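See below for the structure under consideration.
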Amino acid sequence: MPIDATDATFERDVIQRSHEQTVVVDFWAAWCGPCRQLTPALEKAVAARGEQMELVKIDTDANPMVSQAFRIQSIPAVKAFKDGKIVDEFLGALPPAQVERFLDGLLPSEADGLVAAGGEANLRRALELEPGRADAVLALARLVDREEALSLLANVAGSFAADGLAARLRLEEDAELRSAFAAIDEGQYEQGLDVLIAAIAESEGDHREDLRRAVVGVLDELGVEHPVAREARRKLAAALY
Numbered sequence: 001m002p003i004d005a006t007d008a009t010f011e012r013d014v015i016q017r018s019h020e021q022t023v024v025v026d027f028w029a030a031w032c033g034p035c036r037q038l039t040p041a042l043e044k045a046v047a048a049r050g051e052q053m054e055l056v057k058i059d060t061d062a063n064p065m066v067s068q069a070f071r072i073q074s075i076p077a078v079k080a081f082k083d084g085k086i087v088d089e090f091l092g093a094l095p096p097a098q099v100e101r102f103l104d105g106l107l108p109s110e111a112d113g114l115v116a117a118g119g120e121a122n123l124r125r126a127l128e129l130e131p132g133r134a135d136a137v138l139a140l141a142r143l144v145d146r147e148e149a150l151s152l153l154a155n156v157a158g159s160f161a162a163d164g165l166a167a168r169l170r171l172e173e174d175a176e177l178r179s180a181f182a183a184i185d186e187g188q189y190e191q192g193l194d195v196l197i198a199a200i201a202e203s204e205g206d207h208r209e210d211l212r213r214a215v216v217g218v219l220d221e222l223g224v225e226h227p228v229a230r231e232a233r234r235k236l237a238a239a240l241y
């Protein structure tokens, strides 16, 4: 059954709940004819997907704060939330078939499930379904031999993590650099990154570029807010320029 949320319960019923499952919010009003057309199809389609998603209804007349917060100017309006954020939406009374397609687009794909499960066979199947998928390539590259890993990573475009891992595989032939990567794997990020960055100043050509890619890959994994990453970016810039 759908949940009837209010201004007071929206945070709990939608934002918090969306961290556990997809929440589809139907903004409606009693006077809205198209809402009466859409709601039965929406309720039936969400119910058919079981615990994969939840339907929450918001009466826009009775709950003006939520309606204003999400700039609801026309109804019916449907917004889907995941992890506290809107991930998709539509306006108007869509036909049932389009409602079904909208909801299907919110669910994990077969490849999503295979990547989440992990394991070489699952990852290979995920790449058959979605060739070049970066997260599947990265996970599989860590399971196979060096040559196959480099071949896999070469097919991923625009990924700092993939470029960084490929660079690492080439650089690990150097014993000192291999120790730096081992330190990073053990959580000694500053120690390992300092060795890699220091090596940049003494290198040139492809080797220098691989060192840069390897460092950028580690920094991408750490994220912009990590204290070691912030200082390492400054050191990297100094070494490069």
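So for the sequence shown, my numbering puts the first residue at 1; every next one is plus one. Built from N, CA and C at the ideal position, the CB exists for glycine as well. Predicted model only: the values in this text are computed from it and were never measured.
Spatial neighbours of Leu42 in its chain, beta-carbon cut-off 8 Å, leaving aside the 5 residues before and after
Working through the sequence shown from its first residue, we reach residue 42 at position 42. Counting only Cβ-Cβ distances below 8 Å, and skipping sequence neighbours, we find Val24, Asp26, Leu55, Val78, Val99.
Output the distance between the C-alpha atoms of Ile3 and Trp31, rounded to the nearest integer angstrom.
Walking along the sequence shown from the start, residue 3 turns up at place 3. Walking along the sequence shown from the start, residue 31 turns up at place 31. Rounded to the nearest whole angstrom, the CA to CA distance from Ile3 to Trp31 is 20 Å.
Val156 beta carbon less than 8 Å from that of Gly118
Here residue 118 refers to the residue found at position 118 of the sequence shown. Here residue 156 refers to the residue found at position 156 of the sequence shown. Not closer than 8 Å, so no.
Using DSSP with H/G/I as helix, E/B as strand and the rest coil, what is Ile197?
Translated into positions along the sequence shown, residue 197 becomes position 197. In this structure, Ile197 counts as helix in the three-state DSSP scheme.
In terms of residue numbering, what span does the beta strand (DSSP E) encompassing Met53 cover?
Taking the sequence shown and counting its residues from 1, one reaches residue 53 at position 53. 53–59 is the extent of the beta strand (DSSP E) around Met53.
DSSP state of Asp88 mapped onto helix, strand, coil:
Reading the sequence shown from its first residue, position 88 is the one you call residue 88. The DSSP-derived three-state label of Asp88 is strand.
Is the separation between the beta-carbon of Ala80 and that of Thr22 shorter than 8 Å?
Indexing the sequence shown from 1 puts residue 80 at position 80. Indexing the sequence shown from 1 puts residue 22 at position 22. Closer than 8 Å, so yes.
For Gly84, which of Glu209, Val215, Gln16, Ala214 has the nearest alpha-carbon?
As a first step, residue 84 is located in the sequence shown; it is residue number 84 there, counting from the start. Per the Cα distances, Gln16.
Residues sharing a beta bridge with Ala139, DSSP
Numbered from 1 along the sequence shown, position 139 holds the residue referred to as residue 139. For Ala139, which the question treats as bridged, DSSP gives no partner whatsoever.
Could you spell out where the beta strand (DSSP E) holding Ala5 opens and where it closes?
Position 5 of the sequence shown holds residue 5. 3–5 is the span of the beta strand (DSSP E), which, as asked, contains Ala5.
For the beta strand (DSSP E) containing Asp185, name the first residue and the last one.
Locating residue 185 in the sequence shown gives position 185, where the first residue counts as 1. Per DSSP, Asp185 belongs to no beta strand (DSSP E); it is in the alpha helix (DSSP H), 175–185.
Can you check whether the CB of Ala161 is closer than 8 Å to the CB of Leu129?
As a working mapping, residue 129 is identified with position 129 in the sequence shown. As a working mapping, residue 161 is identified with position 161 in the sequence shown. No, they are not a contact pair.
Given a cut-off of 8 Å on the beta-carbon distance, is the pair Ala136 and Ser159 in contact?
One-based indexing of the sequence shown puts residue 136 at position 136. One-based indexing of the sequence shown puts residue 159 at position 159. Going by C-beta atoms, Ala136 is not nearer than 8 Å to Ser159.
Check whether Gly164 and Val87 have beta carbons under 8 Å apart:
Working through the sequence shown from its first residue, we reach residue 164 at position 164. Working through the sequence shown from its first residue, we reach residue 87 at position 87. The answer is no: Cβ separation not under 8 Å.
Short of 8 Å in beta carbon distance, which residues of its chain neighbour Ala239, apart from the five on each side in sequence? Order them along the chain.
By one-based count along the sequence shown, residue 239 stands at place 239. Here Ala239 has Ile197, Ala198, Ile200, Ala201 as same chain residues with Cβ atoms under 8 Å from its own Cβ, once five neighbours each way along the sequence are excluded.
Residues sharing a beta bridge with Val25, DSSP:
Residue mapping note: residue 25 aligns to position 25 of the sequence shown, counting from 1. Beta-bridge analysis with DSSP links Val25 to Val56, Lys79.
For Gln37 and Ala93, which I take to be in contact (beta-carbon distance under 8 Å), what is that distance rounded to the nearest angstrom?
Along the sequence shown, one-based indexing puts residue 37 at 37. Along the sequence shown, one-based indexing puts residue 93 at 93. Under the criterion of beta carbons closer than 8 Å, Gln37 and Ala93 qualify as touching, at roughly 4 Å.
Apart from the five residues just before and just after Asp210, which ones in its own chain have a Cβ nearer than 6 Å to its Cβ?
Start at 1 with the first residue of the sequence shown, and residue 210 comes out as number 210. In its chain, beyond the 5 residues on either side, Ala167, Arg170, Leu171 have a beta carbon closer than 6 Å to the beta carbon of Asp210.
Please name the residue in Ala126, Phe70, Pro96 whose C-alpha comes closest to that of Pro108.
In the sequence shown, counting from the first residue as 1, residue 108 sits at position 108. Out of Ala126, Phe70, Pro96, Ala126 has the C-alpha closest to the C-alpha of Pro108.
As an exercise, report each continuous alpha helix (DSSP H) stretch of at least 4 residues that is fully enclosed by the region 98–153, in chain order.
Qualifying alpha helix (DSSP H) stretches, in chain order: 110–117, 120–129, 134–141, 146–153.
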